[in-house]
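To start, the structure itself, in structure tokens.
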Amino acid sequence: MQIQFESQPYSSIQADALVTYIFDKEDKIEGVLADLNSAMKDRLASLVSSGEVTGKPLSLTLIHFPEGVEAKRLLLIGAGKSDKFATADLRKIAGTAFRYLKNLGAKKIVFLAREGQRGANAVRYVAEGLVIGDFESDKYKTDKKEKDKKEIQSVALAGFDSSHDVTKALDDGRVIGESMNFARDLINEPSNRLTPRMLAAKAEAMAKEVGLGIEILDERKISELKMGALIGVAQGSIEPPRVIVIRYNPEHARPGAPVLGLVGKGVTFDTGGISIKPADNMEKMKYDMGGAATMLGTMRALAYLKPAVPVICVIPATENMPGGRAQKPGDVQIAMSGKTIEVINTDAEGRLILADGVFYARKLGATHLIDAATLTGAIQVALAHIHTGAFGAPREYLDQFLESTKAAGEKMWPMPIDDEYRDMIKSDIADIRNTGTGKGGGAITGAWFIKEFVDDTPWIHLDIAATTWVDAGRPWLAKGPTGVAIPSLVDFAMKL
Ligand code: BES
Ligand code: ZN
Ligand code: ZN
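Residue 1051 is where the sequence shown starts when you use the numbering used here, and the numbers rise one by one after that.
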């Protein structure tokens, strides 16, 4: 799909559809809508006053053969109340328009900017929304006839400012959207087509393509480094584990600058191990490498966007299987840090591999950490599939990250990590246990377990178990993998 700026007046652009948006209870029709309304002899105003067009979030109004414009259709997307509108909402608006018009068979569309949203930020979100709207999970469908017929080939952006910043914003938005789609592709891959070794190979191909340094640790190196927590999980599978390390270095590194460490849970399939999961929905556990995909997608975007700080990405990758050598409940493992872990439940494996992951990232020089993981079912109990759970310490560091989530228009919610919860992972025979005692707080005890290996390094933990995959499609996004957290992580890295 091509996205390009169009400088001729929007009314004279030939296209299958002209798209813009309308606010809820827009008292008087203003700006470009006023122009359109007068070209259409007040028909728009009467649709609004009759209550047929409301501007409710993502509502759709399609007008065929609108007067006064060359486009064959006018599509108005509801943008909600204008005082609640944020530029990042353009992501959903553009994605919704794209998916709707693609389904109608449109080939060429025009996205028309509105007053106050003509600058770089607006363009960035429109581009991102178009790119992520264009993603479908149909890689393994052999009958592509339907799909090939329905393809939007070009999107013209009309009415935006023309400056270097705005042109660059189009590229930035496209890169972030494509990096989210890169992550979504990985998340979709079934586990027989994405083992830890294959994940490493895909990471390597990506790193080479975008010019990032990469190193892949095999099972021998992992043993040498004494990553006992990762090895404990991996030993139940015939597939060997890998640790993927990717480095981004800025051209002119400031001496003493922070080094950002991004750690992602890369469990390519989670059966639960000996504490085996029920069969219902177990197939979804191919997406237990969602954290890894998130961090790889973020690295891909950063390679293009070039933040000022160095970034190290560490991905511990393994299967969690109940093979003959699998670890068993009650086993004690020694993590790379030297801490001993009593494995109460082999299905709480994400925190085990992250223990060695975050510790290794610190050893490699990370001064600030963020991990992303499909860590717990409990986070869905707490926040449903709406917000990602964001844990962190110190609080100021978490708050700084939450600012980025707001800027990027992603819903994340701060979760508690008070010391009282730490007592729940004390073990009788080892330093810590991998599940909480007593009831409740499952997402928090999971986070605390990781924190044990982070020590005082500023750290954020994103539990994306309920947000990296959605069973129900959204108007702007296909069902399945979402690419969640990549926009926020990119924003954060760019501002660090
Ligand atoms: N991968 C799962 C968490 C998960 C659940 C991700 C649902 C996506 C959807 C994780 O490894 C796990 O099994 N966690 C256990 C922890 C428990 C044994 C303490 C859980 O949440 O039940
Ligand atoms: Zn598990
Ligand atoms: Zn898991």
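We treat Cβ as the ideally placed atom computed from N, Cα and C, and that holds for glycine.
Residues near residue i by beta carbon distance below 7 Å, same chain, minus five either side
i: residue 1094; result: 1079, 1083, 1086 and 1087
i: residue 1435; result: 1516, 1517 and 1520
i: residue 1542; result: 1451 and 1454
i: residue 1463; result: 1433, 1437, 1439 and 1440
i: residue 1308; result: 1359, 1417, 1418 and 1546
i: residue 1138; result: 1175, 1458 and 1459
i: residue 1372; result: 1286, 1321, 1323, 1324 and 1326
i: residue 1408; result: 1313, 1419, 1421, 1500, 1503 and 1504
i: residue 1228; result: 1181
i: residue 1260; result: 1350, 1353 and 1354
i: residue 1347; result: 1229, 1230, 1232, 1233, 1533 and 1536
Those residues which DSSP pairs with residue i across a bridge
i: residue 1632; result: Outside the displayed range of the chain (1051 to 1546) lies residue 1632, so it cannot be described from this structure.
i: residue 1192; result: DSSP output for residue 1192 lists no bridge partner at all.
i: residue 1390; result: 1384
i: residue 1366; result: 1293
i: residue 1540; result: In the DSSP output, where bridge partners are listed per residue, residue 1540 has none listed.
i: residue 1471; result: Per DSSP, none; premise fails for residue 1471.
i: residue 1548; result: Summary: the structure shown does not reach residue 1548, with the chain confined to residues 1051 through 1546, and so no result is reported for it.
i: residue 1260; result: Paired residues: none, contrary to the question.
i: residue 1531; result: 1519
i: residue 1421; result: 1313 and 1511
i: residue 1071; result: 1127
i: residue 1524; result: 1527
i: residue 1298; result: 1361
i: residue 1054; result: 1206
CB of residue i within 8 Å of CB of residue j, strictly
i: residue 1332; j: residue 1318; result: no
i: residue 1477; j: residue 1368; result: no
i: residue 1212; j: residue 1052; result: no
i: residue 1311; j: residue 1419; result: yes
i: residue 1526; j: residue 1142; result: yes
i: residue 1402; j: residue 1504; result: no
i: residue 1479; j: residue 1399; result: no
i: residue 1488; j: residue 1474; result: yes
i: residue 1339; j: residue 1536; result: no
i: residue 1210; j: residue 1183; result: no
i: residue 1396; j: residue 1423; result: no
i: residue 1216; j: residue 1352; result: no
i: residue 1090; j: residue 1059; result: no
i: residue 1415; j: residue 1510; result: no
i: residue 1384; j: residue 1278; result: yes
i: residue 1272; j: residue 1294; result: no
i: residue 1173; j: residue 1207; result: yes
i: residue 1061; j: residue 1119; result: yes
i: residue 1189; j: residue 1242; result: no
i: residue 1290; j: residue 1269; result: yes
i: residue 1202; j: residue 1144; result: no
Other residues of its chain near residue i: CB distance less than 6 Å, five sequence neighbours each side excluded
i: residue 1235; result: none
i: residue 1131; result: 1074
i: residue 1335; result: 1319 and 1320
i: residue 1389; result: 1481
i: residue 1072; result: 1105 and 1126
i: residue 1357; result: 1543 and 1544
i: residue 1111; result: 1103 and 1126
i: residue 1168; result: 1210 and 1211
Closer than 7 Å: residue i CB and nearest ligand 3 heavy atom
i: residue 1400; result: yes
i: residue 1338; result: yes
i: residue 1424; result: yes
i: residue 1317; result: yes
Proximity test, residue i beta-carbon vs ligand 2 heavy atom, cut-off 7 Å
i: residue 1261; result: no
i: residue 1322; result: yes
i: residue 1238; result: no
i: residue 1397; result: yes
i: residue 1231; result: no
i: residue 1153; result: no
i: residue 1022; result: The displayed coordinates of the chain run from 1051 to 1546. Any statement about residue 1022 would go beyond what the structure contains.
i: residue 1370; result: yes
Contact with chain B by residue i, beta-carbon distance below 8 Å
i: residue 1304; result: Of the chains in the structure shown, none is chain B; there is only one protein chain.
Residue i beta carbon near ligand 1 (any heavy atom closer than 7 Å)
i: residue 1427; result: yes
i: residue 1492; result: yes
i: residue 1358; result: no
i: residue 1515; result: yes
i: residue 1563; result: The structure shown has nothing for residue 1563, since the chain only spans 1051 to 1546.
Contacting residues, own chain, Cβ-Cβ under 8 Å from residue i (five flanking each side not counted)
i: residue 1264; result: 1253, 1254, 1257, 1258, 1294, 1295, 1296 and 1297
Stretch pair the region 1350-1364 + the region 1242-1249: three plus CB contacts closer than 8 Å: no
Flag this pair as touching only if the region 1525-1535 and the region 1223-1234 have three or more C-beta atom pairs under 8 Å; answer yes or no. yes
Does the region 1158-1178 come into contact with the region 1100-1111, if we say contact requires no fewer than three beta-carbon pairs (one atom in each stretch) closer than 8 Å? no
Three-pair Cβ contact test at 8 Å for the region 1123-1130 versus the region 1060-1067: yes
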